[in-house]
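Report on the following structure.
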Amino acid sequence: MSARRARFITVEGIDGAGKSTHLEWLAAQLRALGHSLLVSREPGGTELGERLRELVLHADMDVETETLIMFAARREHMARVILPALAAGQWVLCDRFSDASFAYQGGGKGVAHDKLSTLERWVQGDFGPDLTLLFDIPTEQARSRLAAARSPDRFEREGQAFFERVRDAYLKRAAAQPERFVVIDASRGIEAIQEQIGDEIRQRFTPDV
Ligand SMILES: Nc1ncnc2c1ncn2[C@@H]1O[C@H](COP(=O)(O)OP(=O)(O)OP(=O)(O)O)[C@@H](O)[C@H]1O
Ligand SMILES: [Mg+2]
1093 MSARRARFIT
1103 VEGIDGAGKS
1113 THLEWLAAQL
1123 RALGHSLLVS
1133 REPGGTELGE
1143 RLRELVLHAD
1153 MDVETETLIM
1163 FAARREHMAR
1173 VILPALAAGQ
1183 WVLCDRFSDA
1193 SFAYQGGGKG
1203 VAHDKLSTLE
1213 RWVQGDFGPD
1223 LTLLFDIPTE
1233 QARSRLAAAR
1243 SPDRFEREGQ
1253 AFFERVRDAY
1263 LKRAAAQPER
1273 FVVIDASRGI
1283 EAIQEQIGDE
1293 IRQRFTPDV
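This is how it looks when you write it as C-alpha cells:
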C-alpha cells in the first residue's frame, strides 16, 4: 500500500449542499479499502487555523481581511498538515479548500479574481487537489436542509442572492478546470450520490483504490 500514491481530495459546495455528509461516507469507504487517511476542513485544520476559523465565522471584518485570513490559515494547514500527510502516504480528504475562497470571497463578496489567483499561487505554488467533488444544489433546497439541522453562522446568515453568486462562481471554476472537478447533482437522494462518488473514485484512482 505504501508504494501507492496518496491523493488529496476536496469537497466543495454552498452551505448545506451535503459536503460533510458525503466526506464522512467517502472516508469510511477509503478506510475500508485499507488506506491510511486524514480528514480535515477549512478554514481550520490546525490549532491556529481553528482559531482563525472562529474569527472569520463570527467576527465582523473587511472582506479583504477575511480573504487574507483564509489564505493564511490555508498556508498553515497545507505546510504543517496536508503536505506531510501526503508525503507519509496518507490520503487527505478536506472539507473546502481554495475553491471556496474563489466562490465565497470572490463570487459571493466581490474580491477580484486576480487577487485570489495571486494568493493561491503564493500559498500553494503548483499544489492543489487531485480531485474536487463539487456538490451542486439549488440554494433554496440547501437552505431548507440546513434550517432543519442547526443555527446559522456569519456566512449562513447571508441572503439567497449571495448563495446564488457563490453557486455560480463554483460552477464557473468547475467548468474552467474540468479535469479536476466532478460536479455532483446534490439535489438527489444520498444513495444515488454515493454511487456516483464511488464510481468516480474507482474510475480515477484504480489501481490505487
Ligand atoms: N442528498 C441528501 N438528501 C437529503 N438530505 C441530505 C442530503 N445530503 C445531506 N443532507 C442533509 O442536509 C443537511 C446538510 O448536510 P451537510 O451538513 O452534509 O452539508 P454541508 O455541505 O456540509 O453544509 P455546511 O457547509 O453548512 O457544513 C444535513 O442535515 C444532512 O443530513
Ligand atoms: Mg459541513
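Residues are numbered in this note's numbering as their position in the sequence shown, beginning at 1, plus a constant of 1092.
Yeah, the Cβ is synthetic: ideal placement off N, Cα and C, and Gly gets one too.
This structure is a prediction, so every number in the text was calculated from the model and none was measured.
Taking all protein chains shown into account, do 16 or more other C-beta atoms lie within 10 angstroms of the C-beta of A1278, making it buried, or fewer, making it exposed? Around the CB of A1278, 16 or more other CB atoms lie within 10 Å, so the residue is classed as buried.
With distances taken between CB atoms, is the gap from R1099 to F1255 smaller than 8 Å? Taking 8 Å as the Cβ cut-off, R1099 and F1255 do not qualify as a contacting pair.
Suppose the cutoff is 6 Å on Cβ atoms and the five residues either side in sequence are ignored; what does the same chain contact list for A1195 look like? Excluding residues within five positions, the ones whose Cβ falls inside 6 Å are V1258, A1261 and Y1262.
Can you list, in chain order, the stretches of the beta strand (DSSP E) that have 3 or more residues and sit fully within the segment 1236 to 1278? Runs of the beta strand (DSSP E) inside the segment 1236 to 1278: 1273 to 1277.
For T1102, which beta-bridge partners are listed by DSSP? Residue pairing of T1102 in beta bridges, as defined by DSSP: C1186 and T1224.
Between which two residues does the beta strand (DSSP E) harbouring S1132 extend? Run containing S1132: L1129 to R1133, per the beta strand (DSSP E) assignment.
Assign E1337 to one of two classes, buried (16 or more other C-beta atoms within 10 Å of its C-beta) or exposed (fewer than that). It is not possible to answer for residue 1337, since the shown part of the chain is limited to 1093 through 1301.
Cβ pair T1102, F1189 closer than 8 Å: Taking 8 Å as the cut-off, the Cβ atoms of T1102 and F1189 count as close.
Below 6 Å CB to CB, which residues in the same chain sit around I1174 once its five sequence neighbours on both sides are set aside? Contacts found: V1184.
Can you name the start and end residues of the alpha helix (DSSP H) that R1096 belongs to? Counting along the chain, R1096 falls outside any alpha helix (DSSP H), and DSSP gives it neither H nor E.
Assign V1155 to one of two classes, buried (16 or more other C-beta atoms within 10 Å of its C-beta) or exposed (fewer than that). With fewer than 16 other Cβ atoms within 10 Å, it is exposed.
Flag this pair as yes or no: are the beta carbons of I1285 and I1276 separated by less than 8 Å? Taking C-beta atoms as the reference points, I1285 and I1276 count as a pair closer than 8 Å.
Cβ neighbours of I1161 in the same chain (closer than 7 Å, five flanking residues each side left out): The residues are L1144, L1147 and V1148.
Which of helix, strand or coil DSSP assigns to V1148: Reduced to three states, the DSSP call for V1148 is helix.
If you measure from the CB of R1167, is any heavy atom of ligand 1 nearer than 7 Å? Taking the Cβ of R1167 as the reference point, every heavy atom of ligand 1 lies at 7 Å or farther away.
Regarding F1189 and ligand 1, is the C-beta to nearest heavy atom distance less than 7 Å? Every heavy atom of ligand 1 is 7 Å or more from the Cβ of F1189, so no.
What does the alpha-carbon distance come out to for the pair G1126 and L1225? Distance between the alpha carbons of G1126 and L1225 is about 22 Å.
Using DSSP with H/G/I as helix, E/B as strand and the rest coil, what is A1195? Helix.
For K1207, which of helix, strand or coil comes out of DSSP? Secondary structure at K1207: helix, using DSSP grouped into helix, strand and coil.
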